[in-house]
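To start, the structure under review is shown below, and the notes come after it.
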Amino acid sequence: MAVFWYTKAAEQGITEAQVNIGHCYYNGKGVEKDFEMALFWWTKGAEQGYAKAQTCLGSCYYIGGGVEKDFEMAVFWYTKAVEQGNASAQESLGFCYNNGMGVEKDQEMAVFWWTKASKQGEASAQFCLGLLLPIREGVEKDLEMAVFWCTKVAEQGYVDAQFYLGLCYASGEGVEKDFKLAVFWYTEPAVQGNVDAQHNLGICDENARAERFSWRSTDPPVSQKGELSTAAHEEAGSTTPLFVNDGIHAVLFEDDGCEISRRSSVDD
18 MAVFWYTKAA EQGITEAQVN IGHCYYNGKG VEKDFEMALF WWTKGAEQGY AKAQTCLGSC
78 YYIGGGVEKD FEMAVFWYTK AVEQGNASAQ ESLGFCYNNG MGVEKDQEMA VFWWTKASKQ
138 GEASAQFCLG LLLPIREGVE KDLEMAVFWC TKVAEQGYVD AQFYLGLCYA SGEGVEKDFK
198 LAVFWYTEPA VQGNVDAQHN LGICDENARA ERFSWRSTDP PVSQKGELST AAHEEAGSTT
258 PLFVNDGIHA VLFEDDGCEI SRRSSVDD
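Each residue of the sequence shown is one higher than the one before, counting from 18 in my numbering.
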């Protein structure tokens with residue numbers, strides 16, 4: 018029935034209904050999945066200047082949902098939406114600038130748009146800021162702000178950010194080294210099955226004499242300097258990004274840091 022009423026309203030030009038019926042078609046909720054129909058309704062809303070529809074349409078062009086991939090068109094619609102302050106579009110435009118998709122690569126512009134989105138509470142933008150600030154090219158690294166933004170995300174329960182914070186506290190990156198806090202932030206990812214977090218808890222145990230965990234290896238491959246080892250990661254065949262020494266900033270960055278993975282805003 019939701020699809021029926023959304024359609025009735027959408028046909029009368031109600032932009033919110035056009036966005037909602039687009040989501041129904043895109044995700045196959047209450048109707049057979051149809052990317053082209055989703056694109057149709059989001060285009061209707063976008064052409065009326067509705068920022069949510071513009072963001073969804075931009076994401077269709079970004080990922081090729083119902084239309085051929087066109088990064089320049091994605092940037093076009095994201096830009097329309099960010100002019101209205103849409104946080105999801107700000108986050109997505111940041112990805113475009115960071116990865117050079119549809120626009121010249123510009124990490125400072127990525128930071129600019131992610132900061133805008135982060136201040137509106139976009140968790141993935143906050144996490145991306147935390148990852149990018151320490152490794153920007155040609156500028157002073159800002160490890161403290163990286164920890165600040167990752168903490169914001171971690172406090173919302175995002176396990177990737179929690180794992181990253183554990184690494185920061187274990188290595189003293191952007192914050193004073195604190196193995197107890199490393200254990201605190203590693204624990205939830207470990208409970209959810211992150212093999213690297215489980216192994217690093219064992220390392221924290223060895224270094225800080227914290228309580229032992231049942232999954233700790235009886236012979237953990239740790240160097241005398243207590244460096245984070247990838248041996249457990251390799252043995253388990255995990256696809257989780259590796260973190261060794263100063264390589265902790267590789268999270269979600271692909272191809273040697275060239276591209277950040279992103280979720281699609283059309284799934285919101």
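Every residue, glycine too, gets a C-beta built ideally from N, C-alpha and C.
- In chain order, Val20, Cys41 and Tyr42 place their CB closer than 7 Å to the CB of Val48, counting only its own chain and leaving out the 5 sequence neighbours on each side.
- When the beta-carbon positions are compared, Ala140 and Val92 stay at least 8 Å from each other.
- Annotation for Ala63: Ala70, Gln71, Leu74 and Trp94 place their beta carbon closer than 7 Å to its own, counting only its chain and skipping 5 residues before and after.
- One Cα belongs to Phe112, the other to Asp177, and the distance between them is close to 18 Å.
- For the set Thr32, Tyr67 and Phe52, the Cα lying nearest the Cα of Glu85 is the one of Phe52.
- Rounded to whole angstroms, Gly81 and Asp87 show a C-alpha spacing of 7 Å.
- In this structure, the beta-carbon distance from Cys77 to Leu110 does not fall below 8 Å.
- In this chain, the alpha helix (DSSP H) harbouring Asn115 covers Ala104 to Asn116.
- In terms of Cα proximity to Ile152, the closest of Asn217, Gln215 and Gln124 is Gln124.
- Annotation: the continuous alpha helix (DSSP H) that includes Gly39 extends over Thr32 to Asn44.
- The beta carbon of Val120 lies closer than 7 Å to those of Val92, Cys113 and Tyr114 in the same chain, with the five residues before and after it left out.
- With respect to the C-alpha of Ala27, the residue from Lys50, Gly45 and Trp59 having the closest C-alpha is Trp59.
- Within the model, the alpha-carbon separation for Asp213 versus Gly66 is close to 46 Å.
- Here DSSP, grouped into helix, strand and coil, assigns Val192 to coil.
- Pairing Gln143 with Gln179, the inter-Cα distance amounts to about 13 Å.
- Across the structure, Trp202 and Lys25 are spaced so that their CA atoms are roughly 48 Å apart.
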